[in-house]
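Trainee: Handing you this structure, nothing more for now.
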Amino acid sequence: MKNNPPFSKSTFRQKGSSLFLLFLVLFQIFFTLPVLADSNINNPGTSSDVYIKVKENIIFIGNRFIEIAITLGNNTGGGIYSIKDKVRGVDFVRKKESVDIGLFALEYWYEPINWYAALLGRKADIRYRYVINNTGILLSLSWRDLTSTHEDRRFNVNVNVSVYVPSNSNLTYWFLEFTNNDNVIIENVHFPIIPGIDQISDESDGDYLVVPSWSGILLKNPARNLKEGKAYSTPYYPSGFLNMQFVAYYASNPKSGLYLGDYDTTGTYVKKFTFSRTSDGNSAWLINTHVLSFENQVKVALPYSVVIGIFYGDWYDASQIYKEWASKQWWASRTLSKNKDTPSWLKKSGPVIDFFTRYWERFSSGWNGPYYNLPPTVEAFKNFYNSTPVMWWRGWEKNGFGVSIPDYFPPTEGWDSFDSAIIGAHRKGGRVMTPVPAVNCYSLNASGWQEATKHAPRDRYGNLYTYTWFIHNNSGIVVKQVGIMMAPTDFWMNKILNITLELSTHGMDVIQLDGGPPMPWINYGDKLPKGGGNWWANNFIKIYSAVREGIKRFTQTEA
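Under the UniProt record's numbering, read the sequence shown as residues 1 to 559, first letter to last.
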């Protein structure tokens with residue numbers, strides 16, 4: 001099965017209109033709603049397996065592996081009616097009576113309810129057209145003058161959706177764009193919305209939702225185990241909390257899976273996924289959410305394709321679909337050992353050892369003790385593994401690991417003891433790394449937090465975003481920490497840069513910048529863009545580059 005579309009994203013976007021015109025001239029296939037004629041069309045004059053069928057108010061497009069059905073009835077305004085694994089006979093839209101939502105929902109903030117309202121395709125003027133050739137079929141749907149869930153008027157907002165089904169492939173590719181000539185700011189685009197999901201396997205065998213969060217999460221029987229009206233929503237990508245751009249839902253028996261991914265080649269745009277059980281508990285929705293920048297919304301196109309596909313197997317097989325695409329992207333095209341930015345010594349290093357020091361009077365036996373324990377610990381692990389150990393050192397900070405962020409200096413035992421420990425570790429044949437935790441948070445008991453508030457993001461009412469966590473201090477007591485969330489501003493970049501340069505000048509070999517997921521902030525003192533988009537990730541990439549170059553410049557070593 002081929003998993004790569006013949007049209008790249010850039011080709012589709014740059015040549016979309018001319019491509020449509022070319023195919024329309026060649027095949028002269030054009031249909032306009034609301035008139036729907038029953039038809040069944042295969043690719044004329046070729047051996048391609050793609051087809052389109054129109055029956056009553058449902059459009060079927062597919063190939064020998066997958067079939068997608070889009071209904072223009074059910075008060076949906078154009079919704080997904082079926083996603084069928086044709087090889088194994090599994091339809092992932094189980095509850096047809098629950099298909100009562102369209103392909104998309106464009107969310108905007110509605111002050112009267114102090115929450116979001118959504119623009120939908122219901123009652124809109126809907127048209128469609130398609131082109132078909134020996135590589136696949138391209139279906140284009142358009143909605144004019146959307147209606148709202150909360151306002152009784154039509155909005156001057158138009159949406160175009162294109163669905164590409166390649167020949168001989170288990171994957172399909174979806175694109176969305178909209179024009180906005182109304183007085184409304186679209187903050188979130190929910191697309192696609194897959195309704196009617198329900199249990200496929202026996203509950204003992206299990207259906208599973210695959211979520212690539214941290215080392216991976218499997219949620220068993222979510223269509224049954226989630227409470228009615230409740231949802232599981234992933235954190236935002238890109239982050240360790242959601243480190244890949246896909247989710248999957250699969251049945252154990254029969255072995256059939258539904259794959260939903262975003263093929264964002266930049267790896268920087270904010271997005272997430274939600275599995276939501278309906279209030280009556282009859283079915284569930286699987287939703288892909290794209291968080292937009294609030295600026296320049298006259299014409300907006302998702303800058304990547306959304307992928308819907310089917311597969312045979314379990315979580316591993318779903319991850320292999322993503323891997324086939326992601327391994328070709330800039331952030332994963334080279335392994336750690338082949339990446340030119342990886343220091344040569346790190347490529348040859350051995351195990352990473354968690355080394356935690358706290359100067360405790362009680363419970364000290366449970367930790368690695370004072371700083372001078374670092375060199376002999378290095379020696380022991382080097383002898384045992386016969387390779388260079390990398391010590392992941394935490395607990396050296398001024399008030400303890402994760403306390404008073406980013407007020408880390410001077411170290412608990414002072415700089416002389418700190419330097420002696422690192423020099424000793426190097427002499428014993430080891431290397432030392434440390435995390436700089438929560439690079440998006442400023443603790444309210446750290447020095448300088450008042451100045452930080454001038455550069456911190458705020459909500460739509462001007463309130464600071466805060467975050468609360470609990471951590472041991474240097475006396476072994478669990479303390480409550482409250483911090484304000486920070487954005488990648490110049491102020492924050494300089495703060496992180498100064499911390500990392502200080503550590504590098506004291507011999508630290510690896511500095512891990514440990515942060516959190518991007519957030520769609522509303523207001524900034526530094527006049528950064530509002531909303532989502534990709535500015536958050538791009539600014540942090542600039543911060544990391546500045547740190548790397550700064551370390552090279554100050555230490556004259558690999559960074």
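Beta carbons are placed, not taken as given, at the ideal position from N, Cα and C, and that holds for glycine.
These numbers come from a predicted model, not from an experiment.
Using a 10 Å radius around the Cβ and a threshold of 16 neighbouring Cβ atoms, would you call Ile543 buried or exposed?
Mentor: buried
Trainee: DSSP on residue 566, reduced to helix/strand/coil?
Mentor: Residue coverage of the chain in this structure runs from 1 to 559, which leaves residue 566 outside it and unanswerable.
Trainee: Is the separation between the beta-carbon of Gly79 and that of Ile126 shorter than 8 Å?
Mentor: no
Trainee: Determine, for Ser337, whether the minimum Cβ-Cβ distance to residues of chain E falls below 8 Å.
Mentor: Absent from the structure is chain E; it holds one protein chain and no more.
Trainee: What's the C-alpha gap between Ile194 and Ser142?
Mentor: 18 Å
Trainee: What residue does the beta strand (DSSP E) around Lys299 start on, and which one ends it?
Mentor: For Lys299, the enclosing beta strand (DSSP E) begins and ends at Lys299 to Ala301.
Trainee: Quick one: using the 10 Å Cβ neighbour count with 16 as the cut-off for buried, is Thr468 buried or exposed?
Mentor: exposed
Trainee: Using only CA atoms, which one of Val184, Tyr237, Thr268 and Thr274 lies nearest to Leu226?
Mentor: Thr274
Trainee: Let me confirm a value: Phe7 is counted as buried when at least 16 other C-beta atoms fall within 10 Å, else exposed. Which label applies?
Mentor: Any reading at Phe7 needs caution, since the residue's pLDDT is 32, under 50, leaving its predicted position unreliable; the model's value is listed next. Looking at its Cβ environment, which holds 16 or more other Cβ atoms inside 10 Å, Phe7 is buried.
Trainee: On a Cα-Cα basis, can you pick out the residue from Tyr110, Val403 and Ile522 that is closest to Glu151?
Mentor: Tyr110
Trainee: Grouping DSSP H, G and I as helix and E and B as strand, with all else coil, what is Asp280?
Mentor: coil
Trainee: Determine the closest residue to Glu67 out of Ala251, Ser201 and Gly136, with distance taken between C-alpha atoms.
Mentor: Gly136
Trainee: Can you tell which of Asp459, Ser333, Ser215 and Lys495 has its C-alpha closest to the C-alpha of Ser447?
Mentor: Ranked by how close their Cα comes to the Cα of Ser447, the residues Asp459, Ser333, Ser215 and Lys495 have Lys495 in first place.
Trainee: What's the call for Arg88, buried or exposed, on a 16-neighbour Cβ count within 10 Å?
Mentor: In summary, Arg88 is exposed, with fewer than 16 beta-carbon neighbours lying within 10 Å of its beta-carbon over all protein chains present.
Trainee: If we call anything under 8 Å between Cβ atoms a contact, is Gly216 one with Trp331?
Mentor: no
Trainee: Please specify which runs of the alpha helix (DSSP H), each continuous and at least 4 residues long, are wholly inside the region 310-381, giving them in chain order.
Mentor: 315-326 and 344-347
Trainee: Using 10 angstroms around the beta-carbon of Ser169, count the other beta-carbons present and answer buried if the total reaches 16, otherwise exposed.
Mentor: buried
Trainee: What is the C-beta distance between residue 586 and Val90, in whole angstroms, given that I count them as a contact (C-beta under 8 Å)?
Mentor: In the structure as shown, the chain begins at 1 and stops at 559. Residue 586 is therefore absent and cannot be evaluated.
Trainee: Assign Ser337 to buried or exposed, taking buried as 16 or more other Cβ atoms, counted over all protein chains shown, within 10 Å of its Cβ.
Mentor: exposed
Trainee: Please report how far the alpha carbon of Met244 lies from the alpha carbon of Tyr259, in whole angstroms.
Mentor: If I take the Cα positions, the gap works out to 13 Å.
Trainee: Is the region 344-357 close to the region 314-329, with three or more CB pairs under 8 Å?
Mentor: no
Trainee: Taking only the alpha-carbon atoms, compute the straight-line gap between Phe65 and Val50 and give it to the nearest angstrom.
Mentor: 10 Å
Trainee: Taking 8 Å as the cut-off, does the region 172-180 touch the region 295-312 (at least 3 CB pairs, one atom from each stretch)?
Mentor: When C-beta atoms of the region 295-312 are compared with those of the region 172-180, three or more pairs fall below 8 Å, so the two segments count as touching.
Trainee: Could you tell me which of Val184, Pro192, Trp214 and Asn221 sits nearest to Asp202, measuring between CA atoms?
Mentor: Asn221
Trainee: Name the residue from Tyr236, Lys230, Val478 and Lys382 whose alpha carbon lies nearest to the alpha carbon of residue 561.
Mentor: Because the chain in this structure spans residues 1 to 559, residue 561 falls outside the shown range and cannot be described.
Trainee: Quick check: the region 420-430 against the region 455-471, are there 3 or more CB pairs under 8 Å?
Mentor: no
Trainee: From Gly395, Ser293 and Gly313, pick the residue whose C-alpha is nearest to that of Ala251; which is it?
Mentor: Gly313
Trainee: Determine which residues share a DSSP beta bridge with Phe178 and list them.
Mentor: Val159 and Val300
Trainee: Return the chain-ordered list of same chain residues with a C-beta closer than 6 Å to the C-beta of Gly281, the five sequence neighbours on each side being excluded.
Mentor: Glu228
Trainee: Hey, could you find the ends of the beta strand (DSSP E) Gln512 is sitting in?
Mentor: Val510 to Leu513
Trainee: Counting along the chain, where does the alpha helix (DSSP H) carrying Asn498 start and finish?
Mentor: Asp490 to Thr505
Trainee: Going by Cα to Cα distance, which pick from Arg153, Ser387 and Tyr208 is closest to Tyr249?
Mentor: Tyr208
Trainee: Find out if the Cβ-Cβ distance for the pair Lys530, Ile522 is shorter than 8 Å.
Mentor: yes
Trainee: Look at the Cβ atom of Tyr442, then the Cβ atom of Ile484, and state whether they are nearer than 8 Å.
Mentor: yes
Trainee: Specify the secondary structure class of Arg548 as computed by DSSP and reduced to three states.
Mentor: Helix at Arg548.
Trainee: For Arg394, which of helix, strand or coil comes out of DSSP?
Mentor: strand
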